[in-house]
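Participant: Taken in order, the sequence shown gives residues 212 to 875; the numbers are from the numbering used here.
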Amino acid sequence: MTELERQRMQEMIRRLNEASEAYYGGRDEIMSNFEWDALFDELTRLEESTGVVLPDSPTQKVNAAAEDNIAGEKEAHEYPALSLAKTKKVEDLQEWAGDRPVWLSWKLDGLTLVLTYDGGSLTKILTRGNGSVGTNITFMKDAIRGFPPEVEDRGHLVVRGEATISYPDFEKLNATISDPAERFANPRNLASGTLALDVRRLNEVRDRNVTFNAFTLVHTDEEIVSWGERMDYLDRMGFTTVERELTDARRLPETVAAWTHRVEAGEMQIPVDGLVIAYDDTLYAATGSVTGHHATRAGFAFKWQDEVARTTLRLVEWSCGATTITPVAIFDPVQLEGTTVSRASLVNLSEMDRLGIGENGSTEIEVIKSNKIIPKVVGVTRAIGKYAVPERCPACEGPVSVATGPSGARTLKCDNPACPAKNLKKFERFASKSGMDIDGLSIETLRDFVGCGFVHSFADIFRLSRYAAEIRELEGFGQKSCDNLLAAVERARTSADPVRFLNALSIPQIGLDAAKRLVDAYGWPGFVLALKQGTDFAGVNGLGPERSAAIRNWYADERNSGVFGELLELVDIAPAAPVTEITGTCAGLTFVITGDVHRFRNRDAFKAYVEANGGKVAGSVSKKTAFLVNNDAASTSSKNVRARELGIPILTEEEFIARFGFGE
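#1: Within 10 angstroms of its Cβ, does residue 266 collect 16 or more other Cβ (buried), or is it exposed?
#2: Alpha carbon to alpha carbon, what distance is there between residue 407 and residue 230?
#3: So, at 6 angstroms on beta carbons, what are the nonlocal neighbours of residue 284 in its own chain, with the 5 sequence-adjacent residues on each side left out?
#4: Alpha carbon to alpha carbon, how far is residue 786 from residue 814? Give it in angstroms, no decimals.
#5: Flag this pair as yes or no: are the beta carbons of residue 413 and residue 373 separated by less than 9 angstroms?
#6: Write down every uninterrupted run of the alpha helix (DSSP H) in the segment 815–869 whose length is 4 residues or greater and which is fully enclosed by it, in chain order.
#7: State the DSSP-derived secondary structure class of residue 590, mapped to helix, strand or coil.
#8: Residue 377 by DSSP, collapsed to three states: which one?
#9: Do residue 319 and residue 482 come within 9 angstroms of each other at the CB atom, strictly closer than that value?
#10: How far does the alpha helix (DSSP H) with residue 727 in it reach, from first residue to last?
#11: Compute the beta-carbon to beta-carbon distance between residue 450 and residue 489, rounded to the nearest angstrom, for a pair I have assumed lies under 8 angstroms.
#12: So what does DSSP say about residue 466, is it helix, strand or coil?
#13: What would DSSP say about residue 888, mapped onto helix, strand or coil?
#14: Determine the burial state of residue 225: buried for a count of at least 16 other Cβ atoms within 10 Å of its Cβ, exposed for fewer.
#15: Does the structure place the segment 746–763 close enough to the segment 687–705 that three or more beta carbon pairs sit under 8 angstroms?
#16: Taking 9 angstroms as the threshold (C-beta atoms), are residue 697 and residue 723 in contact?
#17: Looking at the secondary structure, which residues open and close the beta strand (DSSP E) in which residue 328 lies?
#18: Put residue 398 into one of helix, strand or coil per three-state DSSP.
#19: Could you tell me the distance, in whole angstroms, from the CA atom of residue 526 to the CA atom of residue 832?
#20: Does DSSP put residue 424 in a helix, a strand or coil?
#21: Classify residue 858: buried if its beta carbon has 16 or more other beta carbons within 10 angstroms, exposed otherwise.
#22: For the putative contact between residue 522 and residue 545, defined by C-beta atoms under 8 angstroms, what is the C-beta separation to the nearest angstrom?
#23: Could you tell me the distance, in whole angstroms, from the CA atom of residue 236 to the CA atom of residue 851?
#24: In whole angstroms, give me the CA-to-CA distance for residue 379 and residue 636.
#25: Here's the rule: buried if 16 or more other CB atoms are within 10 angstroms of the residue's CB, otherwise exposed. What is residue 290?
#26: Can you look up residue 625 in the DSSP assignment and give me helix, strand or coil?
#27: Please classify residue 258 as buried or exposed, where buried requires at least 16 neighbouring CB atoms within 10 angstroms.
#28: Report the partner residues of residue 344 according to the DSSP bridge assignment.
#29: Under the three-state reduction of DSSP, which class applies to residue 520: helix, strand or coil?
#30: State buried or exposed for residue 397, treating a residue as buried only when at least 16 other CB atoms are found within 10 Å of its CB.
#31: Reducing DSSP to helix, strand and coil, say where residue 808 ends up.
#32: Cβ of residue 444 within 9 angstroms of Cβ of residue 428?
#33: Could you name the residues of the same chain whose beta carbon sits closer than 6 angstroms to that of residue 401, not counting the 5 residues immediately before and after it, in chain order?
#34: If you reduce the DSSP assignment to three classes, tell me which class residue 298 lands in.
#35: Considering only the alpha carbon of each residue, which of 639, 530, 757 lies closest to residue 663?
#36: Three-state secondary structure (DSSP) at residue 879?
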């Protein structure tokens, strides 16, 4: 090996390891996956041609940086969690498969966990760590989904899988974090951060819906040779398992193409970054050797070859979110992965500088669809001048400033405390099912509309038809999607329930329960009149002086009373009359509903039935609770335990229906 080759290898190793530590360790991305893969492939080729592998080469190690922030006892794996060799060529998969049947499954993008059961009980959860030693996080066993606490297998069982967080859950959580420096970069990053939480924050782990997806049965005392049958065995015991399909070398090209199309079509709700094949014959797979950190027959990973398109940057659109103003590249449309793409996020000012973005119209860029899904600018091939940073917020015209986060990333932010982008959670509540129930108006869509200046107040949601032409051009929209959304807005405008309307306003301390009490006490026209007259609502059952003051203080703010008046002009609200007598099968009883429901459409429908029949639904078990409803009556959940301590009956849904009736 020449000195020049050695220097090049050292430089590539340094850059690759720095990028991996940033990506897996939760810091801002300093290199795109596209760039990382290209550099990794170059390093691999150089190692193969020279026969030299330098220390710390990422081609020879399992990356454990994702777990650097996970505290806990370190333990050796009973069975080493080795990594798989990777390729971007289907022909390599075919050669590896040979004449043997293989299973194709998703390569999930999360954090690998290893579960151990003995005598039917879960005894240990280890993270992957460096493949030989992981971190014990067994204390999280009741906070992670996707696996049973007890199994029918009474012997020794070891299961390996991926802990993931779905895209909707990822977006939902990030939308609640106003400081851009504290947001998670991707679902894998969020999964890593979640599994680093301590025992005092298990409720947060539960709320983030971390799900274990079993991808292999490492060991069982049962004699099951077939990989497919071993996975079926896990299914029968209650594990969430990775989707899979039996195929062979001849059919692999069409099977890979079909699965790839599903990713391109946006079907995946959980993050994937490729595919994996495994031999059905696990005895044959176990005869492979270990090269570096790769078990040669344990499986073979396939990563998609990114399709690159060159185009011209026409505009940088600045979209305002909660404090952060994000640059979005608008460019001449290009075909990528079977779809037309014309816009992609530029992330922040630091990323624009790193790419070398110049003036609009004079910057030639390279674009890919990362993991077949997200459009991303990965390079600049020509640039003249320098991009212009806006001087005013696009959402409110307020002043802006540049903020530098802990990692050194520079972002543009709005300094106006009244900016509508900072009230995104209120807009989400307004449009939610417990509010105005506007189907299709998600928090992601609201963020786009606020950033584009379409929405400044609740009332503006009912004026979205003014921007129909612009909405049709937004990413993810079109004629049909736009028409459906505007139709949903119109339905909400013309058929508003007074209780949900009142809940939608985000009045401090006034939720659905308090809203119902107010409407029941005054009726809708009566409540509006009482609000305008400054009535004291403390006499309403269950409200008291504090909530009454919260309502009056809210209305005393001219901005709130002004929007309220606008909404009354725009929205048709059912003129509910006061309720004089509480009747029904649930009258006077307080219920707590937990877990999954089967007969009712969802828990909101269940709650609506209880309230329509004179009952009340609370969020926690207390001495006032009459019944806890849980289809898993034998569960050891905190609510079940508390109910048993207080002697409160626990009903299944069927038992509830038998006693109190059923309505959809």
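In this text, a Cβ means the ideal position worked out from N, Cα and C, and glycines have one as well. Remember, it's a predicted structure, so these values are computed and weren't measured experimentally.
Facilitator: Considering the structure as presented:
#1: Locating residue 266 in the sequence shown gives position 55, where the first residue counts as 1. Label assigned to residue 266: exposed.
#2: The count along the sequence shown starts at 1 and reaches residue 230 at position 19. The count along the sequence shown starts at 1 and reaches residue 407 at position 196. Each residue's Cα considered, the two are about 21 angstroms apart.
#3: For the purposes of this step, residue 284 is identified with residue 73 of the sequence shown, where counting begins at 1. Taken in chain order, the residues that qualify are 347.
#4: Counting from one through the sequence shown, the residue named residue 814 turns up at place 603. Counting from one through the sequence shown, the residue named residue 786 turns up at place 575. C-alpha separation (whole angstroms): 26 angstroms.
#5: Along the sequence shown, read from residue 1 onward, the residue named residue 413 stands at position 202. Along the sequence shown, read from residue 1 onward, the residue named residue 373 stands at position 162. Not a contact, by the Cβ cut-off of 9 angstroms.
#6: With a minimum length of 4 residues, the continuous alpha helix (DSSP H) runs that stay inside the segment 815–869 are 849–857.
#7: Indexing the sequence shown from 1 puts residue 590 at position 379. Here residue 590 sits in strand by DSSP.
#8: Start at 1 with the first residue of the sequence shown, and residue 377 comes out as number 166. Here residue 377 sits in coil by DSSP.
#9: Along the sequence shown, read from residue 1 onward, the residue named residue 482 stands at position 271. Along the sequence shown, read from residue 1 onward, the residue named residue 319 stands at position 108. Cβ atoms of residue 482 and residue 319: closer than 9 angstroms.
#10: The count along the sequence shown starts at 1 and reaches residue 727 at position 516. Going by DSSP, residue 727 is part of the alpha helix (DSSP H) stretching over 723–733.
#11: Taking the first residue of the sequence shown as 1, we reach residue 450 at position 239. Taking the first residue of the sequence shown as 1, we reach residue 489 at position 278. A Cβ-Cβ separation of about 17 angstroms leaves residue 450 out of contact with residue 489 under the 8 angstroms criterion.
#12: Position 255 of the sequence shown holds residue 466. It is helical.
#13: This structure gives no information on residue 888, because the portion of the chain shown stretches from 212 to 875.
#14: Stepping through the sequence shown from its first residue, residue 225 is reached at position 14. So residue 225 ends up on the exposed side.
#15: Verdict: no, contact absent.
#16: Taking the first residue of the sequence shown as 1, we reach residue 723 at position 512. Taking the first residue of the sequence shown as 1, we reach residue 697 at position 486. In this structure, residue 697 does not lie closer than 9 angstroms to residue 723 by Cβ.
#17: Taking the sequence shown and counting its residues from 1, the one referred to as residue 328 is at position 117. Segment 322–329, the beta strand (DSSP E) holding residue 328.
#18: The residue given as residue 398 occupies position 187 in the sequence shown. For residue 398, the three-state secondary structure derived from DSSP is helix.
#19: Indexing the sequence shown from 1 puts residue 526 at position 315. Indexing the sequence shown from 1 puts residue 832 at position 621. Those two C-alpha atoms are separated by around 55 angstroms.
#20: The residue you call residue 424 lines up with position 213 of the sequence shown. Of the three classes helix, strand and coil, the one that applies to residue 424 here is strand, per DSSP.
#21: In the sequence shown, the residue the question calls residue 858 occupies position 647. Its Cβ having fewer than 16 others within 10 Å, residue 858 is exposed.
#22: What you label residue 522 is simply residue 311 of the sequence shown in a count that begins at 1. What you label residue 545 is simply residue 334 of the sequence shown in a count that begins at 1. Confirmed, Cβ separation roughly 5 angstroms.
#23: As a position in the sequence shown, residue 236 is number 25, starting the count at 1. As a position in the sequence shown, residue 851 is number 640, starting the count at 1. In this prediction, residue 236 has a pLDDT of 49, which is less than 50 and means its spatial position is unreliable; what the coordinates show is noted afterwards. Roughly 37 angstroms separates the two Cα atoms.
#24: Walking along the sequence shown from the start, residue 379 turns up at place 168. Walking along the sequence shown from the start, residue 636 turns up at place 425. So the two alpha carbons sit approximately 15 angstroms from each other.
#25: The residue given as residue 290 occupies position 79 in the sequence shown. Looking at its Cβ environment, which holds fewer than 16 other Cβ atoms inside 10 Å, residue 290 is exposed.
#26: By one-based count along the sequence shown, residue 625 stands at place 414. Note: residue 625 maps to strand in three-state DSSP.
#27: For the purposes of this step, residue 258 is taken as residue 47 along the sequence shown, with counting starting at 1. Residue 258 is buried by the Cβ-count criterion.
#28: As a working note, residue 344 is residue 133 in the sequence shown. DSSP output for residue 344 lists 287 as bridge partner(s).
#29: As a working mapping, residue 520 is identified with position 309 in the sequence shown. The answer is strand: DSSP assigns residue 520 an E or B state.
#30: In the sequence shown, counting from the first residue as 1, residue 397 sits at position 186. Flag for residue 397 reads buried.
#31: Your numbering for residue 808 matches position 597 in the sequence shown. Note: residue 808 maps to coil in three-state DSSP.
#32: Stepping through the sequence shown from its first residue, residue 444 is reached at position 233. Stepping through the sequence shown from its first residue, residue 428 is reached at position 217. Cβ distance < 9 angstroms, so residue 444 and residue 428 count as in contact.
#33: Taking the sequence shown and counting its residues from 1, the one referred to as residue 401 is at position 190. Closer than 6 angstroms at Cβ, skipping near neighbours: 376, 381, 395.
#34: Taking the sequence shown and counting its residues from 1, the one referred to as residue 298 is at position 87. Strand.
#35: Stepping through the sequence shown from its first residue, residue 663 is reached at position 452. Nearest option by C-alpha distance: 530.
#36: No answer is possible for residue 879: the residues shown for the chain start at 212 and end at 875.
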